[in-house]
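Reading through the structure tokens given below for one structure.
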Amino acid sequence: MASPQGLAPSTRTLLFLSAAVVVLAGMHAAREVLAPLFLAAVLVIIVHPLRHPLERRGWPRAAATTVVILVVYLILLALIAMLTFAGIQFGGLVQDYLNELQSSITDVTAWLASLGVDQSSIDSIRDALQPSQLVGVAASLGGAVMGILTTLFVVVTYVIFISVDAARYDGADDHFGATQGNVLGRATTFNIGVRRYFVVSASFGAVVAIIDGVALWALGVPAPAVWAILAFVTNFIPNVGFVIGVVPPTLLALVVGGWPLALAVVAVYSVVNVVLQVLVQPKFVSDAVNITLTLSFVSVIFWTFVIGPLGAILAVPLTLLTRAVLLQGGPATAWYSWLSGEDLPKAKELPPAPDAEADVDEPAAG
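Just so we're aligned: 314 in the UniProt record's numbering is position 314 of the sequence shown, and the numbers increase by one with no gaps anywhere.
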């Protein structure tokens with residue numbers, strides 16, 4: 001039955017999906033511009049509340065905005081320092097353990113052959129683990145850091161403009177609270193959700209990084225600080241960050257101490273990271289931002305495809321933004337918002353959706 005807008009619900013759904021595909025394709029094409037913009041916006045959202053106590057103490061708006069910008073820059077500088085340190089250390093490790101790595105690769109391929117693995121698969125594994133491949137990865141880290149610095153230069157520029165505008169938007173409720181309360185409420189909910197998510201992720205990441213670093217140091221794995229940094233950074237990637245963080249130290253442990261040390265590293269990560277990152281943290285994240293565990297996992301894959309590597313870290317904030325814009329507009333989309341994990345009032349407390357009213361009224365009119 002046609003809706004009041006003259007289109008059947010199925011037709012409107014198809015139109016919505018078609019428009020979504022076009023928008024996402026455009027975002028993918030413009031990902032080099034949009035990804036730094038999203039990162040800058042998220043950083044400003046996180047730091048923005050610092051301005052409020054300063055303004056209450058009589059600081060001028062410009063001074064409070066400057067503090068916000070400086071704090072964001074300090075966060076960016078800390079990220080640059082960690083990435084640079086990890087990159088230099090990783091490059092040195094690859095060079096130092098080339099011979100041991102080659103020997104370990106030979107042992108692994110011989111073991112796979114004894115298990116009956118076909119030769120083509122063994123050759124593929126050997127080619128992927130060749131020291132020359134890792135040397136190339138280490139050599140490319142310098143270029144990667146330069147690329148990050150270029151991206152951060154764009155982020156730095158965005159941060160200035162967004163911080164200045166955010167100070168102005170603080171007064172939106174005074175001007176439009178009576179007429180745009182729904183929109184302002186959704187914006188507030190989104191901002192709070194972003195801050196909660198990163199507070200939870202940073203807290204768990206720091207705990208995991210410290211425990212992993214101390215454990216690897218006690219086991220004698222080289223460069224435990226590098227793997228602690230990796231554990232902290234990958235903690236911002238929901239659900240799959242653990243896998244990314246465990247592989248490099250395990251391979252290095254295999255080279256240095258053989259299978260016993262490698263299995264010890266896997267055991268430590270399984271106890272610490274699986275319990276905290278895979279079992280405990282997702283529950284805290286889900287409660288903090290009201291997103292289902294399935295959606296948080298799928299969002300990593302989806303947003304990484306759309307805007308590139310930064311999409312893995314910004315997956316949850318971008319999902320929250322999508323829900324705030326598309327699914328929190330009223331009772332007609334409440335069902336989809338509830339599916340995403342948002343807590344909603346009971347059905348009897350919600351007003352009927354427009355489509356439901358039309359379906360009820362039309363038979364009565366006949």
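We put the CB at the ideal spot given by N, CA and C, even for glycine.
The shortest C-alpha to C-alpha distance from LEU24 to any of PHE305, THR189, PHE242 and ARG61 is the one to PHE305. With 16 or more neighbouring CB atoms inside 10 Å of its own CB, THR250 falls in the buried class. With 16 or more neighbouring CB atoms inside 10 Å of its own CB, PRO317 falls in the buried class. Boundaries of the alpha helix (DSSP H) harbouring LEU15: 9-29, taken from the DSSP string.
Counting every other CB atom within 10 Å of its CB across the protein chains shown gives THR234 a total of 16 or more, marking it as buried. No Cβ-Cβ contact shorter than 8 Å links LEU310 with GLY341.
Taking 8 Å as the cut-off, the Cβ atoms of ILE313 and PHE236 count as close.
Buried is the label assigned to THR319, since at least 16 other Cβ atoms lie within 10 Å of its Cβ. Inter-residue distance for TYR73 and VAL156 is about 7 Å (C-alpha atoms, whole angstroms).
Annotation: the continuous alpha helix (DSSP H) that includes SER104 extends over 98-114.
If you keep only unbroken alpha helix (DSSP H) runs of at least 4 residues inside the region 261-314, you get 281-289, 293-307 and 310-313. With contacts defined by Cβ atoms closer than 8 Å, LEU261 and LEU219 form a contacting pair. Rounded to whole angstroms, the Cβ separation of GLY213 and TRP227 is 7 Å, and the two are in contact under 8 Å. Three or more Cβ pairs closer than 8 Å define a contact, and the region 188-196 meets that threshold against the region 33-45.
Distance from the CA atom of ALA288 to the CA atom of ALA315, rounded to whole angstroms, is 15 Å.
ILE229 sits away from MET27, with the two beta carbons spaced by 8 Å or more. For the 8 Å CB-CB criterion, ARG51 and VAL33 do not form a contact. Inter-residue distance for TYR197 and PHE297 is about 14 Å (C-alpha atoms, whole angstroms). ASP118 sits in coil when the DSSP states are folded into three classes, being neither helix nor strand.
Exclusion of the five residues before and after ALA206 leaves PHE232 as the residues of its chain whose Cβ lies within less than 7 Å of its Cβ.
When secondary structure is reduced to three states using DSSP, ARG51 falls in the helix class.
If you ignore the 5 residues before and after GLU55, its C-beta comes within less than 8 Å of the C-beta of ARG61 and ALA64, all in its own chain and listed in chain order. By the C-beta density criterion, TRP111 is exposed, having fewer than 16 other C-beta atoms within 10 angstroms. Cβ-Cβ separation between ALA223 and GLN89: approximately 5 Å, consistent with a contact (criterion under 8 Å). When DSSP states are grouped into helix, strand and coil, ASP123 belongs to the helix group.
Per DSSP, the unbroken alpha helix (DSSP H) holding ALA228 starts and ends at 224-234. SER337 sits in a helix when the DSSP states are folded into three classes. Taken through DSSP and simplified to helix, strand or coil, GLN328 comes out as coil. Excluding residues up to 5 positions away in sequence, ALA113 lie with their Cβ nearer than 8 Å to the Cβ of GLN119 in the same chain. The Cβ neighbour count for PHE204, taken over all protein chains shown within 10 Å, is at least 16; the residue is labelled buried. Around ALA225, the same chain offers PHE85, GLN89 and GLY213 as residues with beta carbons nearer than 8 Å, after the five sequence neighbours per side are excluded.
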